[in-house]
Structure formats: structure tokens, C-alpha cells
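Below is one structure; the comments refer to it alone.
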Amino acid sequence: MRRNPTRSVRIGAVSLGSVHPVAVQSMCATRTEDVDATVEQAEAIRRAGGALVRVAVDGPKDVEALKEVRRQTKASLVVDLQESYRLAEAVAPHVDKVRYNPGHLWHHEKAKPVREKVRFLVDVARGHDLAIRIGVNCGSVDPEMKARFPGDDVAAMVESALEHCRFMDEIGFERYVVSLKDSHPRKVIEANRRFAEARPDVPLHLGVTEAGIPPEGVIKTRVAFEQLLSRGIGDTLRVSLTLPNPRKHEEVTVGLQILADVAAGRFRSVPVFDDDKLNIISCPSCSRVENERFVDLALKVKEMTAYAERHALTIAVMGCRVNGPGETDDADLGLWCGPTHVNLKKKTESLGAYTYDEILPRLKKELDALIDARTVATTR
Ligand code: SF4
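Using our numbering, you'd call the opening residue of the sequence shown number 542 and step up by one each time.
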């Protein structure tokens, strides 16, 4: 495959970018504290061909568990620092790369300039021979950036990534990669194309976040990856699917298949993802999932809403409070899971919290109301 001339970034024993093969990676959905389950899943991902395995770390117990995971797995490990960038120092001795989200970094310790927080992460990375991923997600772009580009999510994402690249460049740190993710393939294609044009030197990690349940989740991802990889864009990728834990490594199998198909010129997707139908987005889950019923709930939402297939509505199902509240804002109806209750939203408006047994009929009621309102509007 033709590849963009990105620079080489080493992550432990794996190198990304430049002439290195496009690496497929995945993320553990087990509780990081559960060392046995996390090691088992990391190994399953590695055996499936995953070059990097990401785990979430949210507190000291996760850090302790990570030490043991590192000892027991041969996988190259990446830690996802969402709201806990200060933990970078504690996790650094046990991993090869850290990922931070510029949007979350903005919210944390607001009085401190973002550039200072980036410098802290770079100092940690330098001190421990780590690489960094600047991971921008459409649902959590920092509010100042959003305000600068009203109504243009893609521009806000791209500018956020470029701003953080400038921080890295000013600090003189080159060992970083960038990702720009959204749940819609069109936005993923657009954001990555624009970014690659502006910064052809920076390796890109591709992903359609919250792509959801197979086969739709695979289709959305394939649409984006085929368009980007065939243009030489992408140095590593992750397929984010809502799958039960024993099947999590299938994300890697799907990623490798897409790569093989693109390399062989076998394109299966249509250029534009079908916007006229019901779109269910759901997160791939990770150790932050607040109730193990999440994957089952996502499957049931898909099953229950099958009758609404012809309606152009988006329903988002998210596993936790870290990304759930923000990443459901753009959906017509959003669910984000708490330990005992599921929070229901209509766009940004909260409709209350319901038990796992109550939520489906409540969701159906809202969905029916939305369909009725649209039908009335179109028959007027
Ligand atoms: Fe993990 Fe929460 Fe994101 Fe789902 S929404 S992948 S549980 S951080």
C-alpha cells in the first residue's frame, strides 16, 4: 500500500509510521484490577495479531494491577489516561505509551495552562522511554476549541490536534502519534484527511469510536478505513466494537482483514455511510464499564429498536460516566450506564435515570414519540 511519509515512532518493541507495517491494536475491556482477566484478554489480543494492547487506569489500585499485568504478559502496553493525567508518573514504568485526550486535559486542573500539563506528560515520557498518543475524540473536544468553530465538529477536532502537535513541537518532543475519532465514518475520513494534509509527518492512529455492534460496527469502520488507507493515511488502527469479553480479540481479526483487503485492492464498502437509517452507536467498553450488563443492554437496544430501522435517528449507548455524558450529546437519544441505573438523554437534555429493567420500555416510549413527531412534521 502507498503510505504517507510519516516519521517513525517507537513504542517499546513496536515501531509505527514511515515504512513500518500498519499495526493493529485493541483495548482490554476487563477491569484492570482483575489481573487474571486482564492478562488473559491482553494475551488473546496479542495472539490474534494485536501489536499494542491498551488498558485503562483510573486510580492507585489499577496502577498496582498494571505492574502485575506487565509482568505476566508479553504484549506491548499502552495506558489510557482519561481524567487522570497525573497518574502518568505512576504508570510510566510499566507501559510503552500513554494516551491522553486534549479535551479531558483541558477540564482537569483548569487553573493550570494546558501547555504545562502537556509538558508534564512529555517529561514523564522522556524519563521512561515512552511514546505519547494525542487522542482527540469528537464527543469530548475542549469547549474553547468548540466555541471557535461553532457547528463544525471536524474543524474543532483537527485544530485541537494541531494545537497539541504545536505544543509537542515547541517542547521538542517527536515521539507522538495522533488520533481523531468520531462515531460517524464521514467525520473520521474528513478529520483524518484534513489533519494528514496539514501534518503529513505525524503518524496517525485510525479509529471509528463507538462503532457499535457487529456487523454494523464493522461496516462503519471499514467504510472509514478503506477510504483513508487507500489514500496512504494511517499508521496504526483500532476497530472499536461492542463485544462480550471472550470475543474482544475479534477487533484485531477484523482490523487485519480490512488491512489485507485494502492491500489486495478488495474494497467492500460504498464511499458514503448510509445516513437514512437508524444508527446505533455504542462504545467498545473498557475497564471503566460501570455495570457488566452494558454489552447485553447494547444488544437489547439493537434488538428492541429493529422496528425503527427506516428512521434516520441516532441512539448512543455508552458504558460509563467518563465519556457517557459528553458522547451522547449529539445523539437523538442517549443512554449512559451507571452502576445501578441507566441515564437517558434526548440530545443534551437529561430525561432521568432508570434501572436496567426499566430502561428499554422507557427508551421505546421516547423513540416512538420522536418517530411520531417526525411523521406529523412530514405530513403537514
Ligand atoms: Fe470505556 Fe466509558 Fe469509553 Fe465505554 S464510554 S469505552 S466504558 S471509557
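The beta carbon of each residue, even a glycine, is placed where N, CA and C say it ideally should be.
Express the C-alpha separation of residue j and residue i in angstroms, rounding to a whole number.
{"i": "Cys569", "j": "Cys827", "result": "6 Å"}
{"i": "Lys651", "j": "Asp683", "result": "11 Å"}
{"i": "Tyr717", "j": "His882", "result": "38 Å"}
{"i": "Arg807", "j": "Ser567", "result": "23 Å"}
{"i": "Leu784", "j": "Ile856", "result": "18 Å"}
{"i": "Phe766", "j": "Met698", "result": "18 Å"}
{"i": "Val580", "j": "Lys841", "result": "29 Å"}
{"i": "Lys924", "j": "Arg763", "result": "The structure shown does not extend to residue 924, since the chain is modelled only from 542 through 921, so no value can be given for it."}
{"i": "Arg544", "j": "Leu800", "result": "13 Å"}
{"i": "Asp599", "j": "Leu662", "result": "16 Å"}
{"i": "Leu628", "j": "Cys824", "result": "24 Å"}
{"i": "Val636", "j": "Ile912", "result": "48 Å"}
{"i": "His725", "j": "Leu874", "result": "16 Å"}
{"i": "Glu657", "j": "Arg734", "result": "29 Å"}
{"i": "Ser781", "j": "Val759", "result": "9 Å"}
{"i": "Trp647", "j": "Gln623", "result": "11 Å"}
{"i": "Ile754", "j": "Ile730", "result": "20 Å"}
{"i": "Ala914", "j": "Leu892", "result": "17 Å"}
Who are the Cβ neighbours of residue i in its own chain at under 6 Å, not counting the five residues just before and after it?
{"i": "His790", "result": "Ala585, Ile586, Ala589"}
{"i": "Glu523", "result": "Absent from the structure is residue 523, since the part of the chain shown begins at 542 and ends at 921."}
{"i": "Val550", "result": "Leu557, Gly558, Ala672, Arg716, Val718, Pro744"}
{"i": "Ile900", "result": "Val883"}
{"i": "Ala773", "result": "With the sequence shown as reference, residue 773 is identified as Gly, and Ala is not the correct amino acid for it. Excluding positions up to five away in sequence, the list reads Arg543, Arg544, Asn545."}
Candidates the options: which alpha carbon is nearest residue i's?
{"i": "Leu745", "options": "Arg627, Lys722, Ser625", "result": "Lys722"}
{"i": "Lys638", "options": "Ala914, Leu874, Val555", "result": "Val555"}
{"i": "Glu868", "options": "Ile821, Ala914, Ala849", "result": "Ile821"}
{"i": "Leu769", "options": "Ala804, Ala872, Asp693", "result": "Ala804"}
{"i": "Ala849", "options": "Glu907, Asp871, Val836", "result": "Glu907"}
{"i": "Asp670", "options": "Arg829, Gln623, Asn545, Val619", "result": "Val619"}
{"i": "Asp577", "options": "Ser781, Arg611, Glu700, Leu593", "result": "Arg611"}
{"i": "Met709", "options": "Asp664, Ala853, Ala564", "result": "Asp664"}
{"i": "Cys706", "options": "Pro643, Val695, His649", "result": "Pro643"}
{"i": "Asp817", "options": "Ala633, Val863, Arg851", "result": "Arg851"}
{"i": "Thr571", "options": "Ala847, Arg689, Val749, Val836", "result": "Val836"}
Please state whether DSSP places residue i in a helix, a strand or coil.
{"i": "Val576", "result": "helix"}
{"i": "Asp871", "result": "coil"}
{"i": "Asn820", "result": "strand"}
{"i": "Ser549", "result": "coil"}
{"i": "Lys888", "result": "coil"}
{"i": "His561", "result": "coil"}
{"i": "Asp776", "result": "coil"}
{"i": "Arg595", "result": "strand"}
{"i": "Ile754", "result": "coil"}
{"i": "Leu876", "result": "strand"}
Only counting the same chain, and skipping five residues up and downstream in sequence, which positions put a Cβ closer than 7 Å to that of residue i?
{"i": "Tyr895", "result": "His882, Val883, Leu885, Arg903"}
{"i": "Ala631", "result": "Val604"}
{"i": "Glu574", "result": "Lys602, Asp603, Ala606"}
{"i": "Lys608", "result": "His635"}
For residue i, which residues of its own chain have a beta-carbon under 8 Å away from its beta-carbon, when the five flanking residues on both sides are left out?
{"i": "Ala616", "result": "Ala583, Glu584, Ile586, Arg587, Gly591, Leu593, Val594"}
{"i": "Leu703", "result": "Phe736, Ala739, Arg740"}
Within the segment 619 to 685, note down every full alpha helix (DSSP H) run reaching 4 residues or more, in order along the chain. 629 to 632, 643 to 648, 655 to 668
Lining residues of the ligand FMN - beta-carbon closer than 6 Å to any non-hydrogen atom, in sequence order: No copy of the ligand FMN occurs in the structure displayed; its ligands are the ligand SF4 alone.
4 or more residues per run - each alpha helix (DSSP H) lying fully within the segment 778 to 814: Qualifying alpha helix (DSSP H) stretches, in chain order: 791 to 804.
Uninterrupted alpha helix (DSSP H) stretches inside the segment 718 to 750 (no shorter than 4 residues): 726 to 739
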